[in-house]
Each structure stands twice: as structure tokens, then as C-alpha cells.
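Before any comments, here is the structure.
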Amino acid sequence: MLTLPLTRERVLDRPIADCFRYLADFSTTEQWDPGVFEADKRTPGPARAGSTFALRLNVLGRSVPADYRLIERDEDRRLVLEGSGPGFTVVDTLDFEALGPARTRLRYQAVMRWDAVPARIAPLLRPWAERLGDQAMTGLTRALVEDGPEQLPARERLAQKLLLPGMVAFTRRGWRTQHSRGLSRRMDGRTVAITGVTAGLGLAAAKELARLGARLILIGRGADRLTAAMQAIRDFAGDAELLPCEAELSSLADTQRLAERLLAELPAIDVLINNAGALFAERGDTPEGHERTLAINLLSPALLCKRLEPMLAERRGRVVNVVSGGLYLQGLALDDLDYQRGDYDGSKAYARAKRGLLALTRLWAEDEPRIAWHAMHPGWAATPGVAKSLPGFDRRMQPFLRTPRQGADTMVWLASHPAVAAHGDDSSGFWFDRAQRPDALLPGTAVDTPTAMSLEAEVRLRGGW
Ligand SMILES: NC(=O)c1ccc[n+]([C@@H]2O[C@H](COP(=O)([O-])OP(=O)(O)OC[C@H]3O[C@@H](n4cnc5c(N)ncnc54)[C@H](OP(=O)(O)O)[C@@H]3O)[C@@H](O)[C@H]2O)c1
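In this note's numbering, the protein residues as written are 90 to 554.
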């Protein structure tokens, strides 16, 4: 039998409560430990002594399953976990010490045991284990401290200009190469209204936001599906303040009703995330007479932005509009917003509507600086929406697609990180993987300000705001 002990220590510029809460839910290892591909909390509710976690470890590039159990939780002092996988066991101990109001010393000890490995191999394995320990500590520092906007290396800046090579980053590989993947900025006391929470990226984002302590206004279709989403969020995050709101967002009347309800019932909203979206193979008009892709992806989110704007401005709030990397292939068709000319192409209609939402986000960032106006695209993630609207793409790309959590990362980061709040250097932008990205790459796809203003006038007319 081989036993390898490992000890590391780091001083982190974050309050002890932040560090402890973040690490107590061991499934965050996915965000900071390069030795972990995926991590899930198995026991519903908050992480407490007895909670179990299922991990996929990265062992020399191979995915190896491991089970962990939190066996001791001493608030703001100590966490102890036991883990086991094929042929090995490990005990991880994390000790926390406050060095000041925003400074914490973290001591990490791991004792690894391999039953079938002879002890004489120890000198060979020790450097590997030491390297893993260093990488984990570096990852943790990034997650808790160095988690600001990404600075893209020159190679990646060039790749994104070339569009196709840049699209490699849309896969899960792009998410893995982010400098920091930590989501640790607490949102206690803040209210986030988010659309499209019953599935996919919206549900994944809502879970993370609830884990960060945000109060959530959950906007979706179907009371049963909203109830199921609330249960999934509580299983993931523990106690969370959740307010379900039913709305059919392809209807502007329903979106208007939703906005009125939020304005009447809520004292404040800090963040609006327009996540709901859809791509249709066939053209269709809503009962109100708008092409439905336009209605759900542009008219409805624009209406929510404008109706909630005064409330958001009062709180120096944020808007996060979810668009798509597909917009790089399309400009605006201002004279044919409802796609009445030519053969209908669902992907084109979708990309044009998302292009319009990006253009309006940019315009409003100029008009209302009390709000941080952001647009982001999630890359390519495996969600029910992608499976339904792009089945061929979904099948072919399955091994490369991001998980919904990975796709939702930048959405949650934009909602929570102080660097992207109103009045900061990065108070508005078009983001992918926590880095500012160009709005347009192909000739003829950029939207200038007069065109964005004409679009705004048309969208306002239809939305009645
Ligand atoms: N997944 C990707 O790779 C990807 C890539 C680029 C951009 N995006 C964007 O990311 C966002 C989320 O996409 P997703 O992949 O998570 O999609 P999804 O799996 O289809 O989830 C979309 C969510 O929006 C809701 N929604 C759709 N139409 C609605 C309507 N008319 N009224 C109310 N709610 C409605 C859906 O509710 P129902 O279940 O009731 O339909 C669902 O909760 C979208 O804006 C999408 O365009 C995704």
C-alpha cells in the first residue's frame, strides 16, 4: 500500500465567510481544480456533514469517477472530506483562519492511499502529487481572487477574428481554457429577474445565482415546470428565496403584464437576465402579428429592459442580454424584420434578432449609464433547445458541447462580479467566456448608431413602451 501526504497553504484576499462557503460546497472543485472535470452535489440542500459529491477526476487526461463525502463542517474553521475512486482513497482537510476582515489563511492537507501500489513507487508519484497540489492552489486563488475579466492572449485574439478557428472556443474546450472559472462573488440581498428558467442555460444560471445568495424572480412557462425548476434550484443551492412568474414571452401583452407585476410587487430589481430564446425551423407569426423568432428573441427582451429600466437604474443595476455567436454571420435586416421576403431560414432569423438585441444593448449603454448593460453569448452548450431546434448539430457535436453550467458561466459572472457593475471600466460590453469580444467580424454585419436608433424606434412602436 502507498500513502502520500500533501500540504499546501495560501493567503487569500477574501473574507473568511466567502472562502468557507465557496469551498463547503465541494462541487465547486469543477470551477477551480484542474484535476477535476466535473463535480456534482448528490445530496439535495445545502452542503452539510454527510453531503455526498460525485466527481469526474482528470487523471492524466482520462476521466475517472470518484465519490466524496463531507464528514466534518466546522463553520468558518474546518472542512474534512473523504473520497474514494478505483483503487484509491483520500482524506482532504481544509483549515481556515481569518487574518483580517478580507484576508484568510487556508491550509490544505490531503492524504492519498493506493491499495495496490507498492510503497517503493512513492518517489515517482510524489512530484505528480505535488504538482496537482500546486495547480489546485493556483486554481483556487484564481477562483476566489483573480476572477476579473479575462485578458485574451494575442493568439486567441487573432483566432476569433478568423471566425472559424475562433469557433473552436465555443466548445467545452474554450470554457476549460478560461483563466478563472470560479463563481464566488456573493449576491446576498440582491434580486435577479431571469427569463427561461425551466430548462437549459437559464436553469443552470438560476442554480448558481441561488447558490451565491441571490433572491430570484423565476420567469417561465407552465406552473408545473416552474415548480420543478424551483425544486431543482433548492436541491442544488439549499434555501433560496424564489418568486415564480408565469409568462409567455412571445406575447408582448404577456411580457407587458409581467413587467407591470414586477414593478408593482417588488421593491427593487438589481439584475435582469434576458435568457429565454428560441430558434424555429418554420416561419410563424404570433397572434399579435410579429414573426415569432423576432418576438421572443428581440421584441420581448427589449420591452422588459425598457419597462424595468427605471427600477434597475435606481439600484445601479445590470442587464445581461443573452445573444448567440451565430450573430457573427448576420447583419440587421431593418427593412424586413418579420422575414417576409425570400425563403425562411430559422438560423438566419434567429441570428438577425440576436444581432438586433446586441445593437440595442450597445445603444442603451450610451443612453443610461446608471445601468451596466451587457450582452453575452454562451458558446455551444447541450440543452433541450439545441437538441430540438438543431438536432443534426446536436448529434454531431455532442462530445464537444458545453454542459449547461459551462454555457451559463459568463451569464452568472456578469450578474455577480464587481468589475462589471455600472460605472466600472467594464460596465458594458459584448462578452464570451468573461472576455470582451468584437460585435462584428464580417463586412456588412456591424450596426451603426443611426441604424440602431431606427431599430429602436420600430421595436418601441411594436412594444408600446
Ligand atoms: N445552448 C446553446 O448552445 C446556445 C447558443 C447560443 C445562444 N443560446 C441562447 O441561450 C439562451 C438559452 O438557450 P438554451 O439553449 O438554454 O435554450 P432552451 O434549452 O430551449 O431553454 C430556453 C428557455 O427559454 C424558455 N422559453 C422559450 N420560449 C419561451 C417563450 N415563448 N416564453 C417563455 N419562455 C420561453 C424555455 O421554456 P420552454 O421550455 O417552456 O420552451 C426555456 O426555459 C437562449 O437565448 C439561446 O438563444 C444558447
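Beta carbons: idealized from backbone N, C-alpha and C, even for Gly. This one's a predicted model, so the numbers in the text were calculated from it and none came from an experiment.
Near residue i, which residues of its chain fall below 8 angstroms by C-beta distance, leaving aside the five closest residues on each side in sequence?
i           : result
residue 472 : 288, 289, 290, 493 and 496
residue 163 : none
residue 235 : 268 and 269
residue 293 : 492, 493, 494, 496 and 497
residue 457 : 398 and 402
residue 319 : 307, 331 and 333
residue 337 : 310 and 343
residue 167 : 161, 182, 183, 184 and 185
Grab me the residues of residue i's own chain with a C-beta within less than 7 angstroms of its C-beta, minus the 5 sequence neighbours each way, in chain order.
i           : result
residue 187 : 105 and 193
residue 419 : 437, 440, 441, 444 and 534
residue 255 : 248 and 249
residue 241 : 524
residue 120 : 232, 270, 271 and 272
residue 102 : 191, 192 and 234
residue 530 : 250, 252 and 417
residue 415 : 436, 439, 440 and 443
residue 486 : 469
Relative to the C-alpha of residue i, which residue among the options is closest?
i           : options               : result
residue 449 : 377, 543 and 521      : 543
residue 145 : 133, 135 and 173      : 173
residue 390 : 351, 226 and 361      : 361
residue 107 : 376, 327, 273 and 479 : 273
residue 545 : 97, 219 and 445       : 445
residue 370 : 115, 475 and 245      : 475
residue 526 : 541, 208 and 463      : 463
residue 233 : 207, 268, 260 and 241 : 268
residue 347 : 392, 314 and 373      : 392
residue 140 : 284, 344 and 160      : 160
residue 421 : 539, 135, 204 and 114 : 539
residue 175 : 156, 183 and 182      : 156
residue 553 : 342, 488, 432 and 453 : 342
residue 329 : 238, 277 and 149      : 277
residue 197 : 321, 170, 372 and 203 : 170
residue 215 : 489, 321 and 91       : 91
What is the C-beta distance between residue i and residue j, in whole angstroms, given that I count them as a contact (C-beta under 8 angstroms)?
i           : j           : result
residue 358 : residue 332 : About 11 angstroms; that fails the 8 angstroms criterion.
residue 380 : residue 428 : 5 angstroms
residue 279 : residue 303 : 5 angstroms
residue 412 : residue 401 : Contact doesn't hold; Cβ gap of about 19 angstroms is too wide.
residue 510 : residue 516 : 7 angstroms
residue 459 : residue 541 : Wrong, their Cβ atoms sit about 20 angstroms apart, outside the cutoff.
residue 315 : residue 211 : In fact, because the Cβ distance is near 54 angstroms, the residues do not count as touching under 8 angstroms.
residue 300 : residue 259 : The Cβ separation is near 25 angstroms, so there is no contact.
residue 297 : residue 312 : No, residue 297 and residue 312 are not in contact; Cβ-Cβ is about 24 angstroms, not under 8 angstroms.
residue 284 : residue 363 : 6 angstroms
residue 548 : residue 388 : 6 angstroms
What residues in its chain sit with their C-beta under 6 angstroms from that of residue i, if we drop five residues either side in the sequence?
i           : result
residue 122 : 225 and 228
residue 109 : 165 and 185
residue 222 : 95 and 97
residue 126 : 145, 147 and 152
residue 219 : none
residue 282 : 306, 358 and 361
residue 384 : 339 and 375
Identify every residue that forms a DSSP beta bridge with residue i.
i           : result
residue 161 : 169
residue 580 : Because the chain spans 90 through 554 in this model, residue 580 falls outside it and cannot be assessed.
residue 179 : 172 and 201
residue 309 : 335
residue 499 : BP columns for residue 499 are empty, so no partner.
residue 185 : 195
residue 374 : 380
residue 363 : 410
residue 95  : 199
residue 491 : 470
Indicate whether at least one CB of chain B lies closer than 9 angstroms to the CB of residue i.
i           : result
residue 469 : Included in the structure is just one protein chain, with no chain B present.
Just to check, is the beta-carbon of residue i closer than 8 angstroms to a non-hydrogen atom of ligand 2?
i           : result
residue 180 : Ligand 2 is absent from the structure shown, which contains only ligand 1.
* To do: Can you check the region 382 to 450 for any beta strand (DSSP E) of at least 3 residues that lies completely inside it and give the ranges in chain order?
  => 407 to 411
* Which parts of the region 109 to 157 are runs of the beta strand (DSSP E), unbroken and 3 residues or longer, counting only runs that do not cross its ends? -> 125 to 130 and 141 to 148
* Which whole runs of the alpha helix (DSSP H) in the region 243 to 311 are 4 residues long or more, in chain order? -> 243 to 250, 253 to 256, 261 to 265 and 289 to 300
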